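*Asks:*
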Amino acid sequence: MSILKIAIQKSGRLYEESIQLLRDSGISIYNGNDQLKVTASNFPLEVYFLRNSDIPQYLIDGVVDVAIVGDNLLVEKAKNIKVAERLGFSKCKVSVAVPKSFNYQSINDLNGLRVATSYPNTVIDYFNDKGLNVDIHQISGSVEIAPNIGLSDAIVDIVSSGSTLFKNGLKEVEIILKSEAVLAISPEISFEASQLLNKLQFRIQAVLRSRKSKYILMNVPNNRIEKVSSILPVLKSPTIMPLSEEGWSSLHSVIEEDTFWEVIDQLKEAGAEGILVCPIEKMVL
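Here you go:
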């Protein structure tokens with residue numbers, strides 16, 4: 000029997016969000032006693048819990064078929080790996096930061112200076128593209144401390160909220176790339192594993208759509224149905240059901256989270272009342 004092998008980070012926020020995505024996709028996984036490999040009980044899926052930095056090589060070598068990994072890591076270690084799905088979580092930036100006292104005007108100010116980073120390939124490509132030369136100091140962790148101990152003049156590192164930079168007396172001055180979790184595919188994946196991946200991806204897409212959308216119900220005067228319906232960004236058309244009160248109907252539809260409040264305001268102005276909004280668990284198209 001064929002089985003799909005997937006790698007995810009073994010700890011941290013990316014681990015938690017990856018596990019949650021799989022569980023929301025109906026995959027039952029129990030990782031007791033910090034096992035490094037587990038098999039799902041209700042889907043032909045084998046999960047490998049790996050160090051984040053090792054995952055790209057596992058994909059390249061075909062040890063795993065797919066992985067949930069930050070695309071910043073693919074840029075650094077495996078540019079040719081195909082991305083099947085952008086997952087929308089674990090968002091961050093790979094940024095250039097300098098001490099707050101640095102009178103920074105442009106990226107040219109770093110020409111010839113020392114840059115500490117855990118992403119040497121990304122840094123080399125970025126500064127080469129700018130026509131600049133920097134002295135790279137590769138560090139595996141705690142990059143933010145490098146300027147404070149005199150090891151570098153600047154750093155390039157992952158930035159989420161920016162609080163770590165602030166605590167270490169640094170300021171973000173350039174964004175090299177924006178990253179998020181992606182579903183990446185090994186170039187060595189077999190046809191059988193690809194078929195299983197299609198089934199898994201179908202489930203994941205249903206979950207991701209539901210996270211971006213809300214189910215909306217509202218009461219609308221019949222003479223305002225056409226106006227209200229024109230506002231709704233529906234999949235096909237809104238569901239319309241007559242109410243017991245003559246001249247009124249209930250409209251059901253789906254709206255996107257990103258435009259939620261703007262749409263609500265427009266609906267109210269168009270005559271909608273008693274608006275209810277509910278989360279969607281899955282959305283299958």
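If you're matching positions, the sequence shown starts at 0 in numbering that gives the first Met the number 0 and goes up one per residue.
The beta carbon of each residue, even a glycine, is placed where N, CA and C say it ideally should be.
Values in this document were obtained by computation on a predicted structure and should not be read as measured data.
#1: Output the distance between the C-alpha atoms of Tyr103 and Glu173, rounded to the nearest integer angstrom.
#2: Under a Cβ-count criterion, where at least 16 other Cβ atoms within 10 Å of its own Cβ denotes burial, should Gln8 be classed as buried or exposed?
#3: Any idea what DSSP makes of Asn218, helix, strand or coil?
#4: Pair every Cβ in the segment 36-51 with every Cβ in the segment 61-76, then say whether three or more of these pairs are closer than 8 angstroms.
#5: For Leu242 and Asp23, I'd like the C-alpha separation in whole angstroms.
#6: Can you tell me whether DSSP reads Ser162 as helix, strand or coil?
#7: Have a look at Gly246, Ser159, Ser1, Asn197 and flag the residue whose alpha-carbon is nearest the alpha-carbon of Ala96.
#8: Spatial neighbours of Ala205 within its chain, please: CB distance less than 6 angstroms, with the 5 preceding and 5 following residues excluded, ordered by chain position.
#9: Give the DSSP bridge partners of Phe126, in chain order.
#10: Nearest CA to the CA of Leu199: which residue from Ala83, Glu272, Phe259, Ala269?
#11: Leaving out five residues before and five after Glu256 in sequence, what residues of the same chain have Cβ atoms less than 8 angstroms from its Cβ?
#12: Quick one: complete alpha helix (DSSP H) runs, 4+ long, within the segment 3-28?
*Replies:* Well, looking at it:
#1: Residue numbering aside, residue 103 sits at position 104 when the sequence shown is read from its first letter. Residue numbering aside, residue 173 sits at position 174 when the sequence shown is read from its first letter. Spanning the two alpha carbons is a distance of roughly 10 angstroms.
#2: Position 9 of the sequence shown holds residue 8. Buried is the call here.
#3: By one-based count along the sequence shown, residue 218 stands at place 219. Of the three classes helix, strand and coil, the one that applies to Asn218 here is strand, per DSSP.
#4: yes
#5: Locating residue 242 in the sequence shown gives position 243, where the first residue counts as 1. Locating residue 23 in the sequence shown gives position 24, where the first residue counts as 1. The straight-line gap from Cα to Cα measures roughly 35 angstroms.
#6: Taking the first residue of the sequence shown as position 1, residue 162 is located at position 163. It is helical.
#7: Within the sequence shown, residue 96 is the residue found at index 97, counting from 1. Comparing Cα positions, the closest option is Ser159.
#8: Position 206 of the sequence shown, counted from the first residue, corresponds to residue 205. Cβ within range, chain order: Lys281, Met282, Val283.
#9: By 1-based counting over the sequence shown, the position of residue 126 is 127. None, per the DSSP bridge assignment.
#10: Position 200 of the sequence shown holds residue 199. Of the candidates Ala83, Glu272, Phe259, Ala269, the one whose C-alpha sits nearest the C-alpha of Leu199 is Ala83.
#11: Position 257 of the sequence shown, counting from 1, holds the residue named residue 256. Here the set comprises Arg210, Lys211, Ser212, Lys213.
#12: 12-23
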